[in-house]
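Residues in the sequence shown are numbered from 134 upward in steps of one, following this note's numbering. Backbone N, C-alpha and C fix where the C-beta goes; we use that ideal spot for every residue, glycine too. These figures come from a predicted structure and were not determined experimentally.
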Amino acid sequence: MSQTISKSAKQTQTIAAKLARQLSGQEILCLTGELGSGKTTFIQGLAKELNIKDNITSPTFVIYKKYKAKNNLNFYHFDLYRIQEPQEILDLGFEEIINNKKNIIAIEWSEKIKDLLPNKNIIYIKFEYLDKNKRKIIIASKK
Ligand SMILES: Nc1ncnc2c1ncn2[C@@H]1O[C@H](COP(=O)(O)OP(=O)(O)O)[C@@H](O)[C@H]1O
Ligand SMILES: [Mg+2]
134 MSQTISKSAK QTQTIAAKLA RQLSGQEILC LTGELGSGKT TFIQGLAKEL
184 NIKDNITSPT FVIYKKYKAK NNLNFYHFDL YRIQEPQEIL DLGFEEIINN
234 KKNIIAIEWS EKIKDLLPNK NIIYIKFEYL DKNKRKIIIA SKK
């Protein structure tokens, strides 16, 4: 487990880039923390390190977006803020997505589907808002 205080959005992205270099496929990154705590900012840092050129924003009108990443990997960005029932993501083929070794999955508001998550290859990332530019970031993984 690691715990860091990030003092800027840029620093949060640097922390994310460092984590991205350790990913090889089939990891599920579970991001929790209130609105504005830095989840999407962190995902932008991950995406950049994974060679994704698109500008990543929260997928407001869809539950997830898929991007082509380096080493023939796919990067999935889920934002579950608006889902009502966990079943909604099963209907989108969640099981197939997480079972593909070529997929790296980042899920904002992952607590909404905690019963659907496997018990390995999980990286928990918790964000706490401290003040305008300061966030506590706690990373813990379950291999
Ligand atoms: N240390 C920091 N880490 C991450 N974001 C920060 C930090 N300091 C300020 N911010 C700002 O806070 C906001 C975080 O928004 P966002 O990443 O969309 O949060 P979330 O996805 O958790 O709702 C951004 O506007 C970002 O620039
Ligand atoms: Mg967000």
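In the three-state DSSP reduction, F211 falls in the strand class (E or B). Counting along the chain, F260 sits inside the beta strand (DSSP E) bounded by residues I255 to D264.
Taking 8 angstroms as the cut-off, the C-beta of R215 does not count as close to any heavy atom of ligand 1. If you draw a straight line from the Cα of L179 to the Cα of I240, it is about 12 angstroms long. About 6 angstroms separates the Cβ atoms of K269 and I138, confirming a contact at the 8 angstroms cut-off.
Residue pairing for L162: DSSP places it in a beta bridge opposite A239 and I256.
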